[in-house]
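The sequence shown runs 99 to 254 under my numbering. Built from N, CA and C at the ideal position, the CB exists for glycine as well. Everything on this sheet refers to the single structure shown next.
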Amino acid sequence: MKALNSRRGTSASTRVLVDTSFLLPAVGLDVEEEVYDAIKHFHKVEICYIEASILEIMWKIVKLVPESEMNIVRIGIEAIRSTYTLITPGALAFSEAYSLYHEAHKDLIDNLLYAVSYEQKIPLLTIDQGFIQALKLHGRDISNIITPETFVKTFK
Numbered sequence: 099m100k101a102l103n104s105r106r107g108t109s110a111s112t113r114v115l116v117d118t119s120f121l122l123p124a125v126g127l128d129v130e131e132e133v134y135d136a137i138k139h140f141h142k143v144e145i146c147y148i149e150a151s152i153l154e155i156m157w158k159i160v161k162l163v164p165e166s167e168m169n170i171v172r173i174g175i176e177a178i179r180s181t182y183t184l185i186t187p188g189a190l191a192f193s194e195a196y197s198l199y200h201e202a203h204k205d206l207i208d209n210l211l212y213a214v215s216y217e218q219k220i221p222l223l224t225i226d227q228g229f230i231q232a233l234k235l236h237g238r239d240i241s242n243i244i245t246p247e248t249f250v251k252t253f254k
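Right, dumping it as structure tokens:
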């Protein structure tokens with residue numbers, strides 16, 4: 099990957115699809131330190147997400163966040179939508195996510211992210227080592243997956 103600028107006013111040539119973990123801080127939820135380390139470099143690339151990640155965020159929100167703090171969540175979702183690039187999965191990505199669910203990994207959102215990354219030929223940034231290992235174990239190509247450590251080293 100070559101360094102570039104984000105959608106925030108400069109031209110971008112490297113897109114990176116992020117898993118939901120990298121969107122959680124925007125809605126006020128705490129994450130692992132390696133996620134924050136990677137986020138510090140987001141301005142160097144065009145960050146992409148899928149709408150299913152917003153749904154996954156809301157599954158966490160309904161369990162963890164009191165109604166009195168929902169304004170923070172609303173502002174965070176608006177920030178995600180105005181700062182990052184939405185990618186719409188194609189029908190093939192949904193089909194692939196279904197197959198992965200039955201073959202390798204029981205998290206449909208992770209599977210959809212992987213399939214979109216593969217379909218769109220953009221790297222998927224994930225912290226989910228279990229997911230990466232499941233893909234490897236089932237003979238899937240993981241060359242499109244990057245970890246926060248690799249991302250930070252690339253854009254430091």
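Thinking C-beta only, is residue j closer than 7 Å to residue i?
{"i": "Ile207", "j": "Glu154", "result": "yes"}
{"i": "Ile225", "j": "Ile243", "result": "no"}
{"i": "Ile178", "j": "Leu233", "result": "no"}
{"i": "Leu223", "j": "Val116", "result": "yes"}
{"i": "Tyr182", "j": "Tyr216", "result": "no"}
{"i": "Ala213", "j": "His236", "result": "no"}
Rounded to whole angstroms, what's the CA-CA distance from residue i to residue j? Just pull it up for me.
{"i": "Asn209", "j": "Glu165", "result": "30 Å"}
{"i": "Ile220", "j": "Ile240", "result": "12 Å"}
{"i": "Phe192", "j": "Asn169", "result": "32 Å"}
{"i": "Asp135", "j": "Lys158", "result": "22 Å"}
{"i": "Glu176", "j": "Ile137", "result": "17 Å"}
{"i": "Thr186", "j": "Tyr196", "result": "16 Å"}
{"i": "Lys204", "j": "Met156", "result": "19 Å"}
{"i": "Glu194", "j": "Gln218", "result": "13 Å"}
With DSSP collapsed to three states, give me the class of residue i.
{"i": "Glu247", "result": "helix"}
Please look up how many angstroms separate the CB atoms of residue i and residue j, rounded, as I've assumed it's under 8 Å.
{"i": "Glu247", "j": "Glu132", "result": "7 Å"}
{"i": "Gly89", "j": "Gly188", "result": "In the structure as shown, the chain begins at 99 and stops at 254. Residue 89 is therefore absent and cannot be evaluated."}
Inset, instruction - Specify whether the stretch 111-119 and the stretch 133-152 touch according to this definition: at least 3 beta carbon pairs, one from each stretch, less than 8 Å apart. - result: Counting Cβ pairs under 8 Å, three or more are found: they touch.
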